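Engineer: Submitted below is the structure of interest, expressed as structure tokens.
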Amino acid sequence: MDVAAGVVKLRLKFPGAPSLTFRDLSLQVMRGERVLLLGPSGCGKSTLLQVLTGLIPNAVDVPVAADSIVVPESAAYVFQDPDTQFCMPYVDEELAFVLENLLVPREEMPERMERLLAQVGLKLERLHTPIASLSQGMKQRLAIAGALALEPDVLFVDEPTALLDPEGTGQVWETIRSAGEGRTVIIVEHKIEHVLDYVDRVVLFNKSGEIIADGLPGELFAEHRDRLAGDGIWYPGVWDDYANSGRYTPPLPLPGERTKRIELSDFAVRRGKEEKLRIRGAIVSAGEWIAVVGPNGAGKSTLLLGLMRLLATSGGYKLLERPAAEYRELSGEIAFVFQNPEFQFVTNSVYDEVAFSLRREGRSEDEVRAKTNGLLAEFELAERQDNHPFQLSLGQKRRLSVASAIVKEQRILLLDEPTFGQDAKNTFALLERLEAWRRQGTAIVMVTHDPDIVKRFATRVWVVRGGELQADLTPQDWQAASAETEPDDRPFARPAEPEAAFAGAGGRRTPGREEV
Numbered sequence: 001m002d003v004a005a006g007v008v009k010l011r012l013k014f015p016g017a018p019s020l021t022f023r024d025l026s027l028q029v030m031r032g033e034r035v036l037l038l039g040p041s042g043c044g045k046s047t048l049l050q051v052l053t054g055l056i057p058n059a060v061d062v063p064v065a066a067d068s069i070v071v072p073e074s075a076a077y078v079f080q081d082p083d084t085q086f087c088m089p090y091v092d093e094e095l096a097f098v099l100e101n102l103l104v105p106r107e108e109m110p111e112r113m114e115r116l117l118a119q120v121g122l123k124l125e126r127l128h129t130p131i132a133s134l135s136q137g138m139k140q141r142l143a144i145a146g147a148l149a150l151e152p153d154v155l156f157v158d159e160p161t162a163l164l165d166p167e168g169t170g171q172v173w174e175t176i177r178s179a180g181e182g183r184t185v186i187i188v189e190h191k192i193e194h195v196l197d198y199v200d201r202v203v204l205f206n207k208s209g210e211i212i213a214d215g216l217p218g219e220l221f222a223e224h225r226d227r228l229a230g231d232g233i234w235y236p237g238v239w240d241d242y243a244n245s246g247r248y249t250p251p252l253p254l255p256g257e258r259t260k261r262i263e264l265s266d267f268a269v270r271r272g273k274e275e276k277l278r279i280r281g282a283i284v285s286a287g288e289w290i291a292v293v294g295p296n297g298a299g300k301s302t303l304l305l306g307l308m309r310l311l312a313t314s315g316g317y318k319l320l321e322r323p324a325a326e327y328r329e330l331s332g333e334i335a336f337v338f339q340n341p342e343f344q345f346v347t348n349s350v351y352d353e354v355a356f357s358l359r360r361e362g363r364s365e366d367e368v369r370a371k372t373n374g375l376l377a378e379f380e381l382a383e384r385q386d387n388h389p390f391q392l393s394l395g396q397k398r399r400l401s402v403a404s405a406i407v408k409e410q411r412i413l414l415l416d417e418p419t420f421g422q423d424a425k426n427t428f429a430l431l432e433r434l435e436a437w438r439r440q441g442t443a444i445v446m447v448t449h450d451p452d453i454v455k456r457f458a459t460r461v462w463v464v465r466g467g468e469l470q471a472d473l474t475p476q477d478w479q480a481a482s483a484e485t486e487p488d489d490r491p492f493a494r495p496a497e498p499e500a501a502f503a504g505a506g507g508r509r510t511p512g513r514e515e516v
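Residue numbers for the sequence shown follow full-length UniProt numbering, beginning at 1 and rising by one.
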């Protein structure tokens with residue numbers, strides 16, 4: 001079989017990084033293989049994809065040395081962050097840009113565009129829609145459509161469903177399965193339950209960027225379960241193992257009457273002149289963890305942006321029993337974590353990013369240093385403190401965005417998908433820290449697509465659909481409602497059980513491999 005992509009003795013180091021990302025790494029992927037790259041956040045999986053596509057060093061200037069690198073002649077890449085993928089401001093122009101390069105006649109483009117968008121489940125009223133008006137999940141679907149338009153021999157996908165609801169995640173993976181038929185597909189993904197019965201092979205990395213296992217999915221997960229758990233890598237059954245561990249305690253409601261943190265009445269949020277969300281009435285009290293769920297584009301992120309007054313609002317909005325309009329700055333009372341962590345960064349180093357808010361408040365440099373160093377250690381960013389935030393992996397960027405937002409320990413936390421792109425270890429550590437704050441009276445409002453977080457950590461669930469808060473439920477009632485409704489109508493639609501997918505993957509025959 002031919003080699004579709006590969007490296008021999010790859011050595012790579014980012015400027016300012018404390019050590020090599022890869023030291024004499026060798027990997028090959030044969031034509032027609034479907035390979036999952038799995039490892040802790042920050043181990044270099046996305047970087048390796050960029051080397052295999054030729055983006056590094058041809059487009060991204062990073063020092064690289066290798067005995068050989070095989071780059072596919074025909075390839076498409078789906079990035080972690082869809083905003084980095086777009087060249088044009090409108091949906092139709094973005095797809096037309098790809099189709100023009102393929103010499104598709106203009107009169108054939110609209111039908112081809114509609115078909116591509118239908119493939120990835122992106123429903124729009126018109127093709128000429130501003131990309132900036134789409135939710136992050138909708139943008140991710142558009143990015144996948146653009147990649148599929150190329151009809152590549154090799155498809156590289158870097159967490160293509162990180163921002164999608166479970167229904168959309170299933171749709172996209174079905175699309176990738178169909179589009180990848182007869183093609184080589186190289187995948188980086190944390191939601192492994194969706195790909196275990198699809199991939200032929202799993203390549204397992206440790207946190208130092210070294211390959212520690214390479215083989216059939218079933219055999220690898222069975223033989224390396226302890227290593228997977230120790231390195232904090234997602235594996236089938238990890239949530240159940242965590243729930244049965246001594247680290248996890250169910251989030252019991254706080255006793256007694258609690259202070260109202262947020263009160264909303266006939267509250268509306270607009271983007272420009274268009275109303276995007278309306279809430280007839282809602283209250284967030286001290287010590288509550290509210291999970292905001294619903295499909296992509298329903299208005300979940302819009303809600304958080306409205307609460308921060310980053311979008312225009314109308315109606316009743318009280319913060320700590322005062323009208324929110326009376327506050328000169330809301331950041332003193334509310335910590336906000338954006339869905340896209342890069343929107344949050346304002347300095348040129350990881351250390352300065354965490355220290356920024358403390359310095360603005362005039363804290364002593366000794367206090368700033370102690371607080372900042374403590375958070376960097378807790379979020380496993382100490383070794384990266386001198387790096388520019390944009391040099392971090394997606395998971396590291398997400399951890400930095402959370403650390404820099406909560407450094408002042410505000411009484412209200414608004415978090416937009418804070419766990420996407422994270423490995424299991426860092427996900428559980430973040431959730432435990434949030435739970436500790438909740439028990440101290442902090443109010444948490446978190447947008448999430450992860451049903452396990454809702455089930456195990458939330459005290460209430462807000463279901464947002466069609467620009468409205470349609471239900472305010474207990475997690476138990478939400479689970480019961482989800483079980484009773486049809487799959488397409490559920491706040492979350494679960495895929496096949498991970499253990500079943502795991503068992504089904506174990507017997508797949510892997511094509512023969514030879515060294516590059």
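Yeah, the Cβ is synthetic: ideal placement off N, Cα and C, and Gly gets one too. Owing to the predicted nature of the structure, the values given are computational and were not obtained by experimental measurement.
1) Counting only runs that start and end within the region 189-270, where is the beta strand (DSSP E) found for 3 or more residues in a row?
2) So, with DSSP's three-state summary, where would you put residue 160?
3) Between the region 328-339 and the region 406-426, can you find at least three pairs of beta-carbon atoms closer than 8 Å?
4) May I ask you to report which of helix, strand or coil DSSP gives residue 497?
5) Quick check on this structure: which residue in 53, 124, 288 and 293 has the alpha carbon closest to the alpha carbon of residue 471?
6) Residue 133 by DSSP, collapsed to three states: which one?
7) Could you give the distance in angstroms between the alpha-carbon of residue 481 and the alpha-carbon of residue 167?
8) Check this for me: beta carbons of residue 328 and residue 302, under 9 Å apart or not?
9) Who are the Cβ neighbours of residue 496 in its own chain at under 6 Å, not counting the five residues just before and after it?
10) Helix, strand or coil for residue 328, going by three-state DSSP, please let me know.
11) Residue 435: which of 251, 96 and 210 sits nearest, CA to CA?
12) Taking the DSSP output, what are the residues bridged to residue 351?
13) Taking the beta carbon of residue 283 as the centre, do at least 16 other beta carbons fall within 10 Å, making it buried, or is it exposed?
14) Just the C-alpha distance for residue 241 and residue 104, rounded to the nearest angstrom, thanks.
15) I need the straight-line Cα distance from residue 311 to residue 475, nearest angstrom please.
16) For residue 533, count the other beta carbons within 10 Å of its own beta carbon; 16 or more makes it buried, fewer makes it exposed. Which is it?
17) Does the beta-carbon of residue 171 have 16 or more other beta-carbons within 10 angstroms, so that it is buried, or is it exposed?
18) Work out the CA separation of residue 290 and residue 468 for me, nearest whole Å.
19) Using 8 Å as the Cβ pair cut-off and three pairs as the minimum, do the region 119-129 and the region 55-70 touch?
20) Ordered along the chain, which non-local residues of its own chain (more than five positions away) have a Cβ less than 7 Å from that of residue 71?
21) Quick one: what's got a C-beta closer than 7 Å to residue 8's C-beta in the same chain, skipping five residues either side?
22) Pick from 458, 152, 145 and 154: whose alpha carbon is nearest that of residue 174?
23) With a floor of 4 residues, list each alpha helix (DSSP H) that falls wholly inside the region 31-104, ordered by position along the chain.
24) Throw me the rounded Cβ distance for the residue 80 and residue 46 pair, which I believe falls under 8 Å.
25) Counting Cβ pairs closer than 8 Å, one from the region 248-263 and one from the region 441-453, do we hit at least three?
26) Would you decide whether residue 486 is buried or exposed? Buried here means 16 or more other CB atoms lie within 10 Å of its CB.
27) So if DSSP puts residue 22 in a beta bridge, which residue, or which two residues, is it bridged to?
28) Is the CB-CB distance between residue 234 and residue 190 below 9 Å?
29) Between which two residues does the beta strand (DSSP E) containing residue 391 stretch?
30) Short of 6 Å in beta carbon distance, which residues of its chain neighbour residue 281, apart from the five on each side in sequence? Order them along the chain.
31) DSSP three-state call for residue 126: helix, strand or coil?
32) For a test of the three-state rule: what should DSSP assign to residue 440, helix, strand or coil?
33) Quick one: is residue 509 buried, meaning 16 or more other Cβ sit within 10 Å of its Cβ, or exposed?
34) Assuming residue 457 is part of the alpha helix (DSSP H), what are its boundary residues?
35) When burial is assigned at 16 or more other CB atoms within 10 Å of the CB, is residue 306 buried or exposed?
36) Please confirm if the region 313-326 is in contact with the region 351-366, defined as three or more CB-CB distances below 8 Å between the two stretches.
Structural biologist: Result, derived from the coordinates:
1) 201-205 and 211-215
2) It is coil, neither helix nor strand.
3) Three or more beta-carbon pairs separated by less than 8 Å link the region 406-426 to the region 328-339, which places the two stretches in contact.
4) Any reading at residue 497 is ruled out, since the residue's pLDDT is 39, under 50, leaving its predicted position unreliable.
5) 293
6) helix
7) 16 Å
8) no
9) Because residue 496 sits at a pLDDT of 37, beneath the cut-off of 50, its placement in the model cannot be relied upon, and the following sentence gives the value as read from the coordinates. Contacts found: none.
10) coil
11) 251
12) BP columns for residue 351 are empty, so no partner.
13) exposed
14) 51 Å
15) One alpha carbon belongs to residue 311, the other to residue 475, and they sit about 29 Å apart.
16) Summary: the structure shown does not reach residue 533, with the chain confined to residues 1 through 516, and so no result is reported for it.
17) buried
18) 16 Å
19) Contact between the region 119-129 and the region 55-70 is not established, with fewer than three Cβ pairs separated by less than 8 Å.
20) Answer for residue 71: 5, 52, 53 and 54, listed in chain order.
21) 26, 66, 67, 68 and 516
22) Among 458, 152, 145 and 154, the Cα nearest to that of residue 174 is on 145.
23) 45-53, 55-58 and 91-101
24) 6 Å
25) yes
26) For residue 486, the predicted model reports a pLDDT of 47, less than 50, meaning its position is unreliable; a value from the coordinates is still stated below. Per the 10 Å Cβ criterion, exposed.
27) In the DSSP output, where bridge partners are listed per residue, residue 22 has 12.
28) yes
29) Boundaries cannot be given for residue 391, as no beta strand (DSSP E) includes it and DSSP labels it neither H nor E.
30) 265
31) Note: residue 126 maps to coil in three-state DSSP.
32) coil
33) For residue 509, the pLDDT reaches just 32, beneath the cut-off of 50, and the residue's location in the model is therefore unreliable, although a value from the coordinates is still provided. Looking at its Cβ environment, which holds fewer than 16 other Cβ atoms inside 10 Å, residue 509 is exposed.
34) 451-457
35) By the neighbour-count rule (16 or more Cβ atoms within 10 Å), residue 306 is buried.
36) By the criterion of at least three beta-carbon pairs nearer than 8 Å, the region 313-326 is not in contact with the region 351-366.
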